[in-house]
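Have a look at the structure below, then the notes.
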Amino acid sequence: MAEAGTLHDAFIDELRDTYDAEKQLTKALPKLAKAASNPKLRQAFESHLEETQGHIERLDQVFESLDEKARGKHCDGIAGIIEEGKSIMEEDFDETTMDACLIAAGQRAEHYEMAAYGTLIAWSEAMGHTEATRLLQQNLNEEKAADKKLSSLAEGGINQSAAKAAHPEEAEEPIAVASGGRKSSAKAGRR
Ligand SMILES: [Fe+2]
Ligand SMILES: [Fe+2]
340 MAEAGTLHDA FIDELRDTYD AEKQLTKALP KLAKAASNPK LRQAFESHLE ETQGHIERLD
400 QVFESLDEKA RGKHCDGIAG IIEEGKSIME EDFDETTMDA CLIAAGQRAE HYEMAAYGTL
460 IAWSEAMGHT EATRLLQQNL NEEKAADKKL SSLAEGGINQ SAAKAAHPEE AEEPIAVASG
520 GRKSSAKAGR R
């Protein structure tokens with residue numbers, strides 16, 4: 340019987356999975372950028388594409404620091420997330436709703452990466468791979484920043500203008516919430 344694999348083997352396996360995920364994302368991000376109408380959103384996807392290429396380079400260095408050959412292993416998780424993003428892009432949404440959906444798709448990918456790097460860092464740290472830990476942490480920091488950027492674009496206007504298109508009459512009139520005085524209007528109670 341073959342010897343049981345160790346945490347180090349699992350670590351290398353996860354690294355290969357993440358390496359492949361990053362490569363898949365370098366193909367998906369240009370599509371998200373192209374589908375975006377908001378110029379800041381397009382810019383955010385484009386600049387994260389550049390960062391993603393940097394993530395692959397850092398992972399090359401991680402493999403090197405561990406004396407392992409850099410290679411990927413098909414990542415089904417990110418493939419599924421990318422597939423869902425593609426179906427959304429085929430929908431016939433208004434521009435700003437499409438932007439909100441692209442952000443949702445992008446954030447699913449970022450959170451997947453954040454989970455992967457979180458595990459990789461914890462394992463790397465536990466096994467004392469200092470250089471690998473440092474490099475992986477840099478990638479994680481950029482994933483977190485990209486996720487925050489997408490949230491700030493969504494909450495800084497895109498969701499609001501999509502909501503306005505969905506419910507134009509409600510957006511015209513601010514809802515009074517203070518002193519128990521929710522203004523009664525014909526729209527009250529409509530969801
Ligand atoms: Fe990445
Ligand atoms: Fe990312």
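All residue numbers for the sequence shown refer to the numbering used here, where the first residue is 340 and numbers rise by one. Cβ coordinates follow ideal geometry from the N, Cα and C atoms, glycine included.
- Following the DSSP letters along the chain, one finds D406 in no alpha helix (DSSP H), marked with neither H nor E.
- In the DSSP assignment, I421 falls within the unbroken alpha helix (DSSP H) covering 415-428.
- In this structure, the straight-line span from the alpha carbon of R473 to that of L459 is close to 11 Å.
- Taken in chain order, the unbroken stretches of alpha helix (DSSP H) that lie wholly in the stretch 466-516 and span 4 residues or more are 469-492, 498-505, 507-511.
- Counting the other Cβ atoms within 10 Å of the Cβ of K488 gives 16 or more, which makes it buried.
- Secondary structure note for A360: its alpha helix (DSSP H) is the uninterrupted segment 346-374.
- Nearest in C-alpha terms to E389, of all of P507, K408, S491, A367, is A367.
- Using a Cβ distance threshold of 7 Å, H394 and N498 do not count as a contacting pair.
- In the three-state scheme derived from DSSP, where H, G and I count as helix and E and B as strand, K412 is classed as coil.
- Under the three-state reduction of DSSP, A444 is assigned to helix.
- Of the heavy atoms belonging to ligand 1, none sits nearer than 6 Å to the Cβ of H450.
- Counting C-beta pairs closer than 8 Å gives fewer than three between the stretch 396-408 and the stretch 421-431, which falls short of the contact rule.
- Annotated three-state conformation of F432 is coil, per DSSP.
- With contacts defined by Cβ atoms closer than 7 Å, G419 and L371 do not form a contacting pair.
- Rounded to whole angstroms, I442 and Q476 show a C-alpha spacing of 24 Å.
- Proximity to A504 across D486, E434, K483 peaks at E434, based on C-alpha coordinates.
- A461 counts as exposed, since fewer than 16 other C-beta atoms from the protein chains shown sit within 10 angstroms of its C-beta.
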